[in-house]
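First to last, the protein sequences are chains W and C.
In case it helps, my numbering puts the first sequence at residues 8 to 120.
In case it helps, my numbering puts the second sequence at residues 2 to 113.
Notes follow once the structure below has been shown.
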Amino acid sequence: SAVISQKPSRDICQRGTSLTIQCQVDSQVTMMFWYRQQPGQSLTLIATANQGSEATYESGFVIDKFPISRPNLTFSTLTVSNMSPEDSSIYLCSVRTSNYGYTFGSGTRLTVV
Amino acid sequence: GENVEQHPSTLSVQEGDSAVIKCTYSDSASNYFPWYKQELGKRPQLIIDIRSNVGEKKDQRIAVTLNKTAKHFSLHITETQPEDSAVYFCAASRNYGQNFVFGPGTRLSVLP
Chain W
8 SAVISQKPSR
18 DICQRGTSLT
28 IQCQVDSQVT
38 MMFWYRQQPG
48 QSLTLIATAN
58 QGSEATYESG
68 FVIDKFPISR
78 PNLTFSTLTV
88 SNMSPEDSSI
98 YLCSVRTSNY
108 GYTFGSGTRL
118 TVV
Chain C
2 GENVEQHPST
12 LSVQEGDSAV
22 IKCTYSDSAS
32 NYFPWYKQEL
42 GKRPQLIIDI
52 RSNVGEKKDQ
62 RIAVTLNKTA
72 KHFSLHITET
82 QPEDSAVYFC
92 AASRNYGQNF
102 VFGPGTRLSV
112 LP
């Protein structure tokens, strides 16, 4: 299955600032997905990133707050903009593997103070 | 849209006993149902999955059953071991793997 490198693994940020999370995959994939996992909670899909087109956002998530780039078939970034303490979460990227399942990156633990 | 419920939210079993986690889904068009295991501080990892054209699937100590009519599916772990302790998430999706909706999770503790 695909190997995903995600960074940073954790960060502590000041409110009002932005953080960009990077996700690198060792093989070309059509779709990359970004999830949020709030403390002690389940995983919620933020958006689907396709190469060469705008990301598709789920209900409750907007591009101004979570801009996504997908410059090629192995790389994507998610930016968390104008952060507030409510944005403190684990953010995970994910790709679809050949057997329909998803492989997740190791996650970015974000704390906003 | 799809809604996935999961029960119980926490489960404690003695080592060697069986554990069962149940999920229900609302969208009759969902056709793919994976289960993920997430250990503390680690990423979710796929442990087993089932497609809608199959009623049961087994992989060593782990099995999943699907009842399409009732729209529920279950994870069964036999001969539990302490390393099975983790949070387990079920999920459902249409189109065999796009746009997953995850259940809220079950925290399984296997007591030695």
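Note that beta-carbon positions come from the ideal geometry of N, C-alpha and C, so glycine has one too.
A quick note: this is a predicted structure, and the numbers were derived from the prediction, not measured.
- How big is the Cα-Cα spacing for L99/W and S31/C? 23 Å
Margin query: Determine, for Y109/W, whether the minimum Cβ-Cβ distance to residues of chain C falls below 8 Å.
Written below: yes
Q.
Please give the ranges of any beta strand (DSSP E) in the region 39–101 of chain W, keeping only runs that are unbroken, at least 3 residues long and fully inside the region.
A. 50–57, 75–79, 82–87
field: Contacts that P105/C makes with chain W (C-beta to C-beta distance below 8 Å)
entry: Q48, S49
Query - Own chain partners of L50/W with C-beta closer than 6 Å, once the 5 adjacent residues on each side are dropped - result: Y42, Q44
### Task
Can you tell me which of A71/C, Y89/C, I78/C, T107/C puts its alpha carbon nearest to the alpha carbon of S56/C?
Residue identity differs from the one stated: residue 56/C is Gly in this sequence, not Ser. It is A71/C.
task = Please list the partners that R44/C has in chain W, where partner means a Cβ-to-Cβ separation under 7 Å.
result = L99, F111, G112, S113, G114
**Asked** Roughly how many whole angstroms lie between the Cα atoms of E84/C and V111/C?
**Response** 8 Å
Requested in this report: Name the two residues that bound the continuous beta strand (DSSP E) containing T104/W.
Outcome: Run containing T104/W: none; DSSP gives neither H nor E here.
### Task
Let me know if Q61/C comes out buried or exposed under the rule of 16 or more other beta-carbons within 10 Å of its beta-carbon.
exposed
Is F40/W closer than 8 Å to L26/W when the C-beta atoms are compared? no
Of all the CB atoms in chain W, is at least one closer than 8 Å to the CB of F90/C?
-> yes
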